[in-house]
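Let me begin by presenting the structure, written as structure tokens, before commenting on it.
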Amino acid sequence: MLKFPIYLDYSATTPVDPRVAAKMIPWLTEHFGNPASRSHAYGWDAEAAVEEAREQVAKLVNADPKEIVWTSGATESNNLAIKGAAHFYSGKGKHIITLRTEHKAVLDTFRELEREGFEATYLDPKEDGLIDLDAFRAALRPDTVLVSIMFVNNEIGVIQPIAEIGEICREKGIIFHVDAAQATGKVVIDLDKLKVDLMSFSAHKTYGPKGIGALYVRRKPRIRLEAQMHGGGHERGLRSGTLATHQIVGMGEAFRIAREEMGAENERIRMLRDRLLKGLQDIEATYVNGDLEARVPHNLNISFAYVEGESLIMAIKEVAVSSGSACTSASLEPSYVLRALGREDELAHSSIRFSIGRFTTEEEIDFTIDLLHRKIGKLRELSPLWEMVKEGIDLNTVQWAHH
Amino acid sequence: MFAPVYLDHNASAPLLDAVREAMLPWLGARFGNASSRHEYGRAARRAIDDARARVAAAVGAHPTEVVFTSGGSEANNLFIKGAAARMKPGLVQVSAIEHPCVREPARQLVRAGWTLAEMPADADGRVELDALDVRAQLVSVMAANNETGVLQDISAFATAAKRQGAWLHTDAVQALGKIPVDFRALGVAAMTLSAHKIGGPQGAGALVLDKRVDLEPLIAGGGHERGLRSGTENIAAIVGFGVACEEAVAALGARREAMQAQRALIERCVAEQGGSVFGAGAERLPNTCYFALPGIDGETLVGKLDRAGFAVASGAACSSASPEPSRTLTAMGVAADLARGAVRVSVGASTTMQDVNDFCGALARVADELRGLRAMAAA
Amino acid sequence: MAYSDKLLDHYENPRNVGSFGKEDDDVGTGMVGAPACGDVMKLQIKVGADGIIEDAKFKTYGCGSAIASSSLVTEWVKGKTLDQALEIKNTAIAEELALPPVKIHCSILAEDAIKAAVEDYRKKHGTTSSADAA
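Chains as they are written, first to last, in full-length UniProt numbering: chain A, 1 to 403; chain B, 1 to 379; chain C, 1 to 134.
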């Protein structure tokens, strides 16, 4: 039996895995201590649970538990990493580099640093969404102090060449931060090999709870940060504030499951994604956004030309998907990520991000394919652009009445 | 787990049943991202709006004045650093008894060109209004101290601050749920709240903020919470926070009397042991008893009580790893020897009269034992 | 975003979808908006010898509110004279469909589409007002 709406928006957030919830609930009942309480068992128990979770998170990315700092989520991690490192090392230089297709949590933080006097370079990705390594090398300057590139893009799912970028940064002594919110459980992350200095994680994109994340802070060579939240000196002074034990426990369990199951799970998800792609590709005038090879299997971002994205989302309300990223979908702007790939606006307007996850079924995929066929057909019937294209008119030659 | 009697509610209060019930669906089938426009997301957005209204109602604020954060520490940091960032550096004043998550961000401002001055407290732990400098632009005084429970005259500070055009912030994390807290009546520019001190979950708090205050966010990216606090909302915790606020305020009248009676019993017992209660001369939270028994080390007493089955604190949880005497007591002019004996007992919604009676018995036994040891050592 | 039942009805069951011959003498065509803005509306009116709009058709590329707005105006213009059609204001469209504030531009576009269609018809007939057409 299909349950509606079918959830195909796993990149926005994932359900908490029932096993994760089961592990969290005791921490919402009998175990309620403050992990910073040092004088009684309630506190000690909580502290032990927090440390076990830290190990689980570290294990997924092959890091030392001491390198993991808890935060309230990837957005805070990105802020802490970027501002914290830029401030701490600002004596070495004030030039910072990122990609135009990064998450807002990175872009907005860069803008803030610009207001403080840093100089930022926003690299254009190639048409396939991947970083242009030559352009990247060319952008480096003697005063470049920090580079921030996301591991997996949240909208188009492309995987950036983190290993190569890391080598370049390390060679030049530049701090390298990676937003891996969309990468955990989807790609293998080995921080023993990758030359990454700082990496942001989120629990709720990997079947853990919302409100908890972590920042990896390399110890060898040691990376230092200026804290953003000061107080009781929690997390070795890098992040003060009472930690939510149940959420941390949940993140630990979610990352443990991810480590143990990602191999098999990703194969199953790849099969579903390929089925979806095949099913949608025979609709005329559809384009996949972003490289299909260097891409997580969970993501399919497709533009249906001559159909407007929001009306399409309304038409396919039996499936919960996203047009553009969740954070920006309150605005009417076309996706800035697709624009950065050089997509024409009318294509950017009609893009849909399907993101597949742990609980997606083949039946759900088949229903979605059929639904899209019907609804795209109907909306194109309605579309004056489609009519003109069918009449052989080149839309680029039309004088539009902008207003 | 062996379950000691929990008398450390000022560190963290057990989750209320109604809160847990309200939260669980958000760890299950209702998992949407509140920024998503499909039904999963819209349901999450409605839940957040609803929680915001409950939090606002509990403290006499407008829902749009509530900015959700990951907790009290973040809210304090957000206000102090955020407000300062949009002002010309001047004088910032915080009381000498503030929690580190107010004191430390205030100290950070010094690097940005601010001058920091602390306002001292009197022997009973009351912050001295006279110490407010007319040049101060940014002032923070906690509504109730986490260790002593001593209440501050926030309205008086607010009136004075207003007169000189300063923003007054109050950390009301300990006050909420224990005494009435009214944002409008207090007249402060900003106020910090925390969920887990009132039977809500850890991981949620709020800054209640007068919209005239221009604030730079601490966490950028995505524009959540009117741009003041980005990041996917922690819906389960926010929902729990809303219910906890409602429960705390609804039960306040009855609970206050119960807490007062329980504390009176504890303090009688402390007096029988020849102990002294800190801040006893001041108005205090009804649930907090901060005391020392002469000649008995606080850490030792707390350890013994823990083994006897009672969870209490020797100081603020955050700083309890440090062997130094409490800053609050030092600020009150308490001699270091006596301060090292400090033990905090804080009762709460789940505490029964039986718990308190048992505690008094245990305190007497443990104190006798420790005094016996001391006598033996002296002999 | 919560949409009104009327809006959803027009979106799900749009009225008068289609096209008339653009070159037909009795047809006025208005095409407004731009793909880059996310909305393109094409409204066509068929005008009788008596100067009354006999029929109307539309095609719209745009959000649900844009589709509903254009569907609604095809119903509204029918039976009206050109001048009466020009009196349809975007506020009336917005009110009828209970458009949320961020979607008001859709009603403006629909009003513009009527104006453009009428103008196109009048251009074909070398007239500028209904007085001349009569």
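For glycine and all other residues, C-beta sits at the position ideal for the given N, C-alpha and C.
Less than 7 Å between the C-beta atoms of residue i and residue j, yes or no?
i, j, result
"A:Pro-140", "A:Ile-96", "Reading off the sequence, residue 140 of chain A comes out as Leu, not Pro. It is not a contact, given that the beta carbons lie outside the stated cut-off."
"C:Arg-122", "C:Thr-74", "no"
"A:Val-16", "A:Pro-209", "yes"
"C:Gly-64", "A:Ser-11", "no"
"A:Leu-243", "A:Trp-70", "yes"
"A:Ala-135", "A:Leu-123", "yes"
"A:Val-152", "A:Gly-129", "no"
"C:Gly-62", "C:Asp-25", "no"
"A:Val-20", "A:Lys-186", "no"
With respect to the alpha helix (DSSP H) encompassing residue i, which residues constitute its N-terminal and C-terminal limits?
i, result
"A:His-177", "Unbroken run through A:His-177 is the beta strand (DSSP E), 175-179; no alpha helix (DSSP H)."
"A:Glu-235", "Premise fails: A:Glu-235 is in no alpha helix (DSSP H) and is neither H nor E."
"A:Gln-281", "245-281"
"A:Gln-56", "41-60"
"A:Val-106", "104-115"
"A:Ile-82", "74-88"
"A:Asp-366", "362-382"
"B:Ala-44", "39-58"
"B:Gln-260", "252-272"
"C:Cys-37", "Neither: C:Cys-37 is in no alpha helix (DSSP H) and is coded neither H nor E."
Just to make sure I have the definition right: I need the residues of chain A whose C-beta is within less than 7 Å of the C-beta of residue i. Which are they?
i, result
"C:Cys-63", "Glu-308, Glu-310 and Ser-311"
"B:Met-332", "Within chain A, no residue comes near B:Met-332; the closest Cβ sits about 20 Å away, beyond 7 Å."
"C:Tyr-11", "Met-314"
"C:Gly-21", "Within 7 Å Cβ-Cβ: nothing; C:Gly-21 doesn't reach chain A, min ~12 Å."
"B:Gln-108", "His-230"
"B:His-169", "None at all; the shortest Cβ gap to chain A is about 15 Å."
"B:His-9", "Residues of chain A passing the Cβ test: none, with the nearest at roughly 10 Å."
"B:Ile-235", "Lys-210"
Using a 10 Å radius around the Cβ and a threshold of 16 neighbouring Cβ atoms, would you call residue i buried or exposed?
i, result
"B:Leu-15", "buried"
"B:Ala-378", "exposed"
"B:Gln-164", "exposed"
"A:Thr-328", "Unreliable positioning characterises A:Thr-328 in this predicted model, as indicated by a pLDDT of 41, which lies under 50. The coordinate reading is nonetheless provided below. So A:Thr-328 counts as buried."
"A:Arg-236", "exposed"
"A:Gly-357", "buried"
"C:Ala-134", "The pLDDT assigned to C:Ala-134 is 41, lower than 50, so where the model puts this residue is not dependable, and the model offers no usable value."
"B:Asp-182", "exposed"
"B:Arg-284", "buried"
"A:Glu-364", "buried"
"B:Met-1", "Confidence in B:Met-1 is poor, its pLDDT being 47 and thus under 50, which makes the residue's placement too unreliable to answer from."
"B:Asn-287", "buried"
"B:Cys-318", "Because B:Cys-318 sits at a pLDDT of 44, beneath the cut-off of 50, its placement in the model cannot be relied upon, and the following sentence gives the value as read from the coordinates. Under this definition B:Cys-318 is a buried residue."
"B:Arg-126", "buried"
"A:Asn-289", "buried"
"B:Met-353", "exposed"
"C:Asp-82", "It is worth fixing the name first, because residue 82 of chain C is Leu in this sequence and not Asp. Buried, because 16 or more other Cβ atoms sit within 10 Å of the Cβ of C:Leu-82."
"B:Gln-174", "buried"
"C:Asp-132", "Only weak support is given to the placement of C:Asp-132: the predicted model assigns it a pLDDT of 45, under 50, and the value that follows is read from those uncertain coordinates. Exposed: under 16 other Cβ atoms inside 10 Å."
"C:Asp-120", "buried"
For residue i, report the span of its beta strand (DSSP E) as first-last.
i, result
"A:Arg-170", "Premise fails: A:Arg-170 lies in the alpha helix (DSSP H), 162-172, not in any beta strand (DSSP E)."
"B:Ala-117", "115-119"
"C:Lys-80", "No beta strand (DSSP E) contains C:Lys-80, which DSSP labels as neither H nor E."
"A:Gly-309", "Counting along the chain, A:Gly-309 falls outside any beta strand (DSSP E), though it belongs to the alpha helix (DSSP H) covering 309-315."
"A:Arg-222", "Careful: A:Arg-222 lies outside any beta strand (DSSP E) and carries neither H nor E."
Which chain C residues sit within Cβ distance under 9 Å of residue i?
i, result
"A:Glu-387", "Ser-19, Lys-42 and Lys-59"
Please list, in chain order, the chain C residues whose beta carbon lies closer than 7 Å to that of residue i.
i, result
"A:Leu-382", "Pro-14, Val-17, Lys-59, Thr-60 and Ile-67"
"A:Leu-395", "Pro-35"
Listing by chain order, which chain B residues have their CB less than 7 Å from the CB of residue i?
i, result
"A:Gln-247", "Gly-203"
Compute the minimum distance between the beta carbon of residue i and the heavy atoms of the ligand ADP, and state whether it is under 6 Å.
i, result
"B:Gly-221", "You won't find the ligand ADP in this model; it holds no ligand whatsoever."
Just to make sure I have the definition right: I need the residues of chain A whose C-beta is within less than 9 Å of the C-beta of residue i. Which are they?
i, result
"C:Gly-79", "Within chain A, no residue comes near C:Gly-79; the closest Cβ sits about 24 Å away, beyond 9 Å."
- Item | Stretch pair the segment 21-31 of chain A + the segment 45-64 of chain B: three plus CB contacts closer than 8 Å | Inter-segment contact for the segment 21-31 of chain A and the segment 45-64 of chain B is absent: fewer than three beta-carbon pairs are separated by less than 8 Å.
- Cβ contact check for the segment 164-172 of chain B and the segment 187-206 of chain B: 3 or more pairs under 8 Å: Contact holds: three or more Cβ-Cβ distances are below 8 Å.
- Message: With three or more C-beta pairs closer than 8 Å as the rule, is the segment 47-63 of chain A touching the segment 115-123 of chain A?
- Response: Cβ pair count under 8 Å is below three, so no.
- Does the segment 165-180 of chain A come close enough to the segment 296-315 of chain A to have 3 or more Cβ pairs within less than 8 Å? Contact between the segment 165-180 of chain A and the segment 296-315 of chain A is absent, because fewer than three Cβ pairs lie under 8 Å.
- Where the segment 127-150 of chain B meets chain F: residues whose CB sits under 7 Å from a CB there: Absence of chain F from the displayed structure is noted, the protein chains being A, B and C.
- Are the segment 243-255 of chain B and the segment 19-39 of chain B touching, with three or more C-beta to C-beta distances below 8 Å? Result yes; three or more Cβ-Cβ pairs closer than 8 Å.
- Query: For the segment 96-108 of chain C against the segment 22-31 of chain B, are there 3 or more C-beta pairs whose distance is under 8 Å?
  - Reply: Contact between the segment 96-108 of chain C and the segment 22-31 of chain B is absent: fewer than 3 CB-CB pairs across the two stretches fall below 8 Å.
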